Amino acid sequence: MKINTTITITAILNLIVASIKLVAGLLFSFTTLLADSIQSFIDFFTDITSLAAYKIGKRRANKIYPFGYGQVHYLSNLLTGLLLFFIGVFVLVQVFTAKGEFTPNISIFIVLIVVLILKAIVISLLHQKGNGKANELLIESYKESKTDFISTCIVIIVLIISFFEKYIPGFINVDKIGSFGMAIYIFYTSIKMIISNIHGILINDDENEEIKEEILKAFEKKKKVKIVSVKIIKMANYYSVFMQIDVDNGLTINEYIKVEKECKKKLRSIDDRIRFIDIEPL
């Protein structure tokens, strides 16, 4: 299954999950579940932006963008983080303005179990495909979906406690406390996402020793080429390789061009995340 197909399937499932949560939250006036539905809609929104970012990020480097379009992934996630922060503000306002007329019942519990099953399918799919293809975009989506899964578990805990509300003092509103906790959780997730992606935009120098070792090993047996130095720069989900090589002085220009093409082909075969390659002869 292709990466964009995987993201499309998970996006559809996330939309179904978010819609179920929203309808159930409105139907039963369950504020905590409404807040959780927003988290799920963000998951869906992230899938859509990730799909767009994946297609843009696949473009090759050019004169305008010599390092490729990898930065678009950071911008996409930064936008999601900012949106999530403002949603956290909205949820926090709801905590203080909502009437809190929620009455727990077994129907909501069944709905939440169905939601957890759907979310587990999403997590499993992203985890399997993300690790199998060593794709950081899918791995990040897996982490976000896992976060949403945990938040739904928190909603279930709030629901279970609500069944015993008659034993809890009247001034304690379990639903509002749950919503407040959800708002704090949304703030934490959004701030973490914002800081992480700003860092990614500003700092891209990230050596991948594993890929570097594979490159050095792959070129050991090449008689016409000797690697003098190799530098790897991470650009979002992709890598740019800057390599200095020592070649036979007797090579003609056409022969050198052929060697360079072979080197680039070899590099891309080592790891499909290598997008931009700059080879400089010593």
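Quick note on numbering: the sequence shown equals residues 7 to 288 in our numbering.
The beta carbon of each residue, even a glycine, is placed where N, CA and C say it ideally should be.
Here the structure is a predicted model, which means the values were calculated and not measured.
*Go ahead and pull the three-state DSSP assignment for Ser-246.*
strand
*asked:* Since Lys-182 and Ala-224 should fall inside the 8 angstroms C-beta cutoff, what is the C-beta to C-beta distance between them, to a whole number of angstroms?
replied: Wrong, their Cβ atoms sit about 60 angstroms apart, outside the cutoff.
*Return the CA-CA distance between Asp-284 and Val-247, expressed in angstroms with no decimal places.*
6 angstroms
*Could you check if Lys-198 is buried or exposed, using at least 16 other CB atoms within 10 Å of its CB as the buried criterion?*
exposed
*asked:* Assuming Phe-186 is part of the alpha helix (DSSP H), what are its boundary residues?
replied: 180-208
*Among Ser-35, Ile-127 and Gly-256, which has the Cα closest to the Cα of Gln-100?*
Ser-35
*Would you please state the rounded distance, in angstroms, between the beta carbons of Val-117 and Ile-26? I believe it to be under 8 angstroms.*
6 angstroms
*asked:* Suppose contacts are defined by Cβ-Cβ distances below 8 angstroms. Is Leu-90 in contact with Ser-196 by that definition?
replied: yes
*Enumerate, from N- to C-terminal direction, the unbroken alpha helix (DSSP H) stretches of 4 or more residues contained entirely within the stretch 77-104.*
77-103
*Would you identify the three-state DSSP class for Lys-8, choosing helix, strand or coil?*
coil
*Could you tell me the distance, in whole angstroms, from the CA atom of Val-253 to the CA atom of Gln-134?*
42 angstroms
*What is the rounded straight-line gap between the Cα of Ile-251 and the Cα of Thr-52?*
41 angstroms
*Of all the options Asn-10, Val-121 and Lys-172, which has the alpha carbon lying nearest to the alpha carbon of Ser-46?*
Val-121
*Pull up the DSSP beta-bridge partners for Phe-282, would you.*
Ser-246
*Use the C-beta contact count for Asn-20: other C-beta atoms within 10 angstroms, 16 or more gives buried, fewer gives exposed.*
buried
*Taking the CB atoms as reference points, tell me whether Leu-84 and Ile-174 lie closer together than 8 angstroms.*
no
*Extent of the continuous alpha helix (DSSP H) to which Lys-172 belongs*: Lys-172 -> no alpha helix (DSSP H), and no H or E assigned at all.
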